[in-house]
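Asks: Read left to right, the sequence shown gives residues -17 to -1, 1 to 160 (mature numbering (1 follows the signal peptide of the UniProt record, and there is no 0)).
C-beta atoms are modelled at their ideal positions from N, C-alpha and C, and glycine is treated no differently.
Keep in mind that this is a model prediction, so the values were computed, not measured.
Can you keep this structure in mind? I'll have questions shortly.
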Amino acid sequence: MLALLCGLAAYQAPSAGRPAVARASTPAMKVTNFDQDGQFSELPQTTKPPLKILTRVEELRVLSNLADAGLLSAAEDAGVFTKLENAGAFATAEKLLPLADKFKLLSTAEKLLNSDSSSLVVAAAALLGAEIGLIALVPDDNSVLVGVQIATGVLAGAGAVTLVAVSSLFKLLQEEA
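And the structure:
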């Protein structure tokens, strides 16, 4: 939960959007500008690359240090969040924070947030297409094979719905304000 909140707080939207309609490429032309003092050429604008906060948090191993410091356990002992405390969520989260550093979950989330959200919809469609192919190829003459079809169908459906939902979330996060 903490990693999700950090991820949402640290997200920086992409600076340039893609045009809705692609135009045919035109030959490159040199633009020369004139002002009252004579000729000058336009200098290219320099833009700063997006700040990769989640990657930096991962490099500094903030999550592991948070776990080592025991801040969540201290908050649990102080009774800061009663319902979470009763469920033992802080102790569990504290044990999982080093794994988030180890498996580089923050930089993966950052890369996903900066990637095109429509690729997740394409992945969902591919997953459903593969499942339809599996159902068509696996024979229905045996209850075990029907069970396999049902199990894979449920998993593929749940995966596709999750991918579409995440794609919608990423699309909302990537929109320019």
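Whole angstroms is fine: what's the gap from LEU55's alpha carbon to LEU146's?
Replies: If you number the sequence shown from 1, residue 55 lands on position 72. If you number the sequence shown from 1, residue 146 lands on position 163. Rounded to whole angstroms, LEU55 to LEU146 spans 31 angstroms at the Cα level.
Asks: Verify whether the separation of the beta carbon atoms of residue 161 and ASP84 is less than 8 angstroms.
Replies: The structure shown does not extend to residue 161, since the chain spans only -17 to 160, so no value can be given for it.
Asks: In the structure shown, what three-state DSSP assignment does PHE73 receive?
Replies: Here residue 73 is taken as the residue at index 90 of the sequence shown, counted from 1. In the structure shown, PHE73 sits in a helix (DSSP, three-state: H, G or I).
Asks: Closest to SER47 by C-alpha separation, out of LYS94, PRO81 and PHE86, would be which residue?
Replies: Residue 47 sits at position 64 when you count from the first residue of the sequence shown. Among LYS94, PRO81 and PHE86, the Cα nearest to that of SER47 is on PRO81.
Asks: Do the segment 102 to 110 and the segment 132 to 148 meet, that is, are 3 or more Cβ pairs less than 8 angstroms apart?
Replies: At 8 angstroms Cβ cutoff, the stretches touch.
Asks: Within 10 angstroms of the Cβ of PHE73, are there 16 or more other Cβ atoms? Answer buried if so, exposed if not.
Replies: Numbered from 1 along the sequence shown, position 90 holds the residue referred to as residue 73. Flag for PHE73 reads buried.
Asks: Which whole-angstrom value describes the C-beta separation of LEU103 and PHE153, a residue pair presumed to lie in contact below a C-beta threshold of 8 angstroms?
Replies: Counting from one through the sequence shown, the residue named residue 103 turns up at place 120. Counting from one through the sequence shown, the residue named residue 153 turns up at place 170. LEU103 to PHE153, Cβ: 7 angstroms. Contact.
Asks: Using the beta-carbon count (16 or more within 10 Å), is GLU42 buried or exposed?
Replies: By one-based count along the sequence shown, residue 42 stands at place 59. Under this definition GLU42 is an exposed residue.
Asks: Among ASP60, LEU79, VAL121 and ALA61, whose alpha-carbon lies nearest the alpha-carbon of ASP51?
Replies: On the sequence shown, residue 51 is found 68 positions in, with the first residue counted as 1. Selected option, being the one with the closest Cα: LEU79.
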